[in-house]
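Worksheet: one structure, shown below.
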Ligand SMILES: Cc1cc2nc3c(=O)[nH]c(=O)nc-3n(C[C@H](O)[C@H](O)[C@H](O)COP(=O)(O)O)c2cc1C
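Residue numbers (our numbering): 17 to 524.
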């Protein structure tokens with residue numbers, strides 16, 4: 017090919033490129049003009065009406081800002097609901113890495129409210145800290161439940177979570193020896209797949225055990241309880257993220273399979289009532305507990321978030337009037353900082369007591385009534401690392417449950433899209449393309465390793481404090497920073513009613 021022909025092709029290419037450039041520029045100008053007209057003529061957004069097109073950048077930057085803060089600018093210990101250090105701890109524990117750190121802690125012990133544990137001067141010489149002792153829940157039931165594990169999976173409904181996520185939880189929980197709470201969406205085959213212990217939750221809509229009017233169907237409950245892995249039943253009054261509101265599953269997540277398990281129509285918002293129609297007070301609650309326990313033969317308790325009034329006192333009075341055998345076998349206290357698949361923001365932000373206050377309050381009410389040995393206490397609310405779990409044991413819990421800790425173990429990256437069916441990690445979406453990333457076999461191992469790591473480090477903390485075992489931790493083992501260089505014992509903040517820490521679960 018001659019030089020002339022080369023020049024010819026070069027000119028041709030330049031012409032093509034400049035035509036393409038003019039085309040792109042023209043299209044962009046047209047798009048800007050259209051957007052400008054749209055912005056100028058709309059009336060809802062003042063910024064866009066006053067600053068057409070440019071006003072849109074605000075929204076884009078606000079949206080992107082969240083991602084930049086999440087990955088780039090936020091410090092390790094400053095994000096909510098979970099900071100990077102907490103998420104990283106769970107991810108590393110779930111990956112089976114030994115969660116050891118080097119050089120020094122980045123946890124600032126100075127801010128008011130920070131908790132730290134009180135080590136014993138001469139801890140026991142054994143290299144392996146002692147295992148927790150087994151606890152019996154529901155000693156008066158036909159089928160009491162006995163378990164030693166401290167840390168368990170909190171209720172997350174089938175529907176809020178994807179099928180692969182529930183499969184991984186079921187298998188992982190079996191390997192770790194912890195229980196899995198079904199949440200309020202009914203019992204799915206995926207819950208049973210791994211063969212772990214299950215806590216069946218009855219939400220206010222009674223999904224899975226409801227009759228045509230939405231009331232408790234005794235036959236359905238009996239059939240469900242006959243599944244051997246179902247070991248306890250939890251009546252849900254409320255959860256920390258939305259006191260006063262029932263569960264919400266947006267229409268996009270109500271697939272025909274999920275609808276069939278719940279007994280509702282598909283592709284419509286599934287909104288549970290604010291309360292069980294049968295339960296309007298403490299006496300009704302005890303009636304319901306008795307009914308469920310009689311029908312199932314299983315330990316039965318309830319889950320709630322505590323508020324301002326002293327209705328737990330009234331409940332204890334009613335229990336004492338009927339006799340301790342009529343008590344709920346457990347109470348799950350969920351802190352206001354608890355999570356949800358979908359909840360109104362104001363309820364999430366500002367209603368209910370945080371677990372720091374609610375847990376000692378519930379425990380002390382039981383102690384004062386002489387019922388602490390009878391009623392087991394389960395705590396939840398942002399207790400995803402060993403520090404939170406050990407604190408809850410000190411405050412008086414027998415067991416600690418977590419939802420979002422287990423989600424992190426499944427690969428959750430805190431994208432905060434649980435309500436949109438677009439979860440990028442497959443944990444809370446029913447979109448098969450997005451579920452592809454969540455391999456239930458691999459994630460089951462991560463769940464197992466996460467639970468093991470939490471249990472191991474809680475034992476380490478108990479050992480360092482000189483406690484005989486994790487459930488022998490007491491309030492005197494924790495101090496709370498006052499923010500001015502001093503701290504106060506947790507026992508001083510929440511003194512035990514009566515003579516001192518009660519004989520609780522250990523060995524019971
Ligand atoms: C995705 C998701 C779904 C949940 N579904 C339920 C539910 O069905 N029933 C319930 O009682 N709580 C539900 N919860 C609340 C948790 O069980 C738990 O009480 C709360 O999140 C506190 O634990 P965490 O801080 O470890 O997440 C859900 C939470 C999440 C994040």
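The beta-carbon is built from N, C-alpha and C at its ideal position, and this holds for glycine as well. It should be emphasised that the depicted structure is a prediction, and the values quoted were computed from it without experimental measurement.
Residue i vs residue j beta-carbon contact at 7 Å
i	j	result
residue 417	residue 170	yes
residue 159	residue 313	yes
residue 115	residue 123	no
residue 376	residue 351	no
residue 503	residue 491	no
residue 399	residue 320	no
residue 331	residue 298	yes
residue 106	residue 427	no
residue 189	residue 196	yes
residue 127	residue 499	yes
residue 180	residue 489	no
residue 257	residue 359	yes
residue 317	residue 250	yes
residue 69	residue 48	yes
Expected contact under 8 Å - CB spacing of residue i and residue j to nearest Å
i	j	result
residue 192	residue 472	The pair is not a contact, with the Cβ atoms about 11 Å apart (cut-off 8 Å).
residue 242	residue 225	That belief does not hold up - the Cβ atoms of residue 242 and residue 225 are roughly 12 Å apart, past 8 Å.
residue 281	residue 290	Rounded, the Cβ-Cβ distance is 21 Å, inconsistent with contact.
residue 178	residue 255	Not confirmed; about 20 Å, so no contact.
residue 477	residue 406	4 Å
residue 211	residue 245	6 Å
residue 288	residue 260	Not confirmed; about 12 Å, so no contact.
residue 383	residue 512	6 Å
residue 100	residue 90	7 Å
residue 444	residue 102	Rounded, the Cβ-Cβ distance is 19 Å, inconsistent with contact.
residue 74	residue 63	6 Å
Reference residue i; option with closest CA among the options
i	options	result
residue 97	293, 483, 237 and 424	424
residue 413	190, 419, 397 and 420	397
residue 56	44, 71 and 338	71
residue 140	484, 99, 378 and 501	484
residue 148	214, 479, 42 and 205	479
residue 469	165, 456 and 387	165
residue 221	285, 194, 19 and 238	285
residue 4	145, 444, 216 and 54	It is not possible to answer for residue 4, since the shown part of the chain is limited to 17 through 524.
residue 379	402, 419, 328 and 339	328
residue 234	293, 277 and 311	311
residue 217	43, 493, 305 and 30	305
residue 309	211, 136, 341 and 174	341
residue 456	339, 486 and 206	206
residue 486	133, 363 and 353	133
residue 324	364, 79, 374 and 439	374
residue 209	509, 508, 460 and 517	460
residue 2	372, 501 and 231	The first residue shown for the chain is 17 and the last is 524, placing residue 2 beyond what the model contains.
residue 4	219, 439 and 156	Look at the range of the chain in this structure, 17 to 524, and you will see that residue 4 is not part of it.
residue 419	381, 467 and 386	467
residue 542	506, 432 and 462	Since the first and last residues shown for the chain are 17 and 524, residue 542 lies out of range.
Contacting residues, own chain, Cβ-Cβ under 7 Å from residue i (five flanking each side not counted)
i	result
residue 153	160, 161, 248, 315, 345, 346 and 392
residue 446	178, 269, 271 and 437
residue 204	174, 182 and 277
residue 214	195, 196, 198, 207, 245, 246 and 247
residue 522	Annotation note: pLDDT 43 at residue 522 (below 50); position unreliable, coordinate value reported separately. Hits under 7 Å: 149, 485, 487 and 488.
Strand pairing of residue i, partner residues [DSSP]
i	result
residue 383	None; residue 383 has no bridge partner.
residue 417	168
residue 177	174
residue 347	318 and 393
residue 162	152
residue 213	195
residue 226	232
residue 250	217 and 317
residue 504	496
Beta-carbon contacts of residue i that lie in its chain and below 6 Å, excluding the five residues immediately before and after
i	result
residue 112	465
residue 130	497
residue 58	none
residue 510	376
residue 517	490
residue 450	442
Any non-hydrogen atom of ligand 2 within 6 Å of residue i CB
i	result
residue 200	Absence of ligand 2 is noted for the structure shown, with ligand 1 being the only ligands found.
Chain-order list of residues whose beta-carbon lies under 8 Å from that of residue i (same chain, five-residue window excluded)
i	result
residue 138	482
residue 334	298, 299 and 302
residue 452	442
residue 409	166, 416, 474, 478, 486, 487 and 489
residue 514	383 and 384
residue 238	311 and 312
Test: residue i CB closer than 7 Å to a CB of chain C
i	result
residue 474	You won't find chain C in this structure, because it holds only one protein chain.
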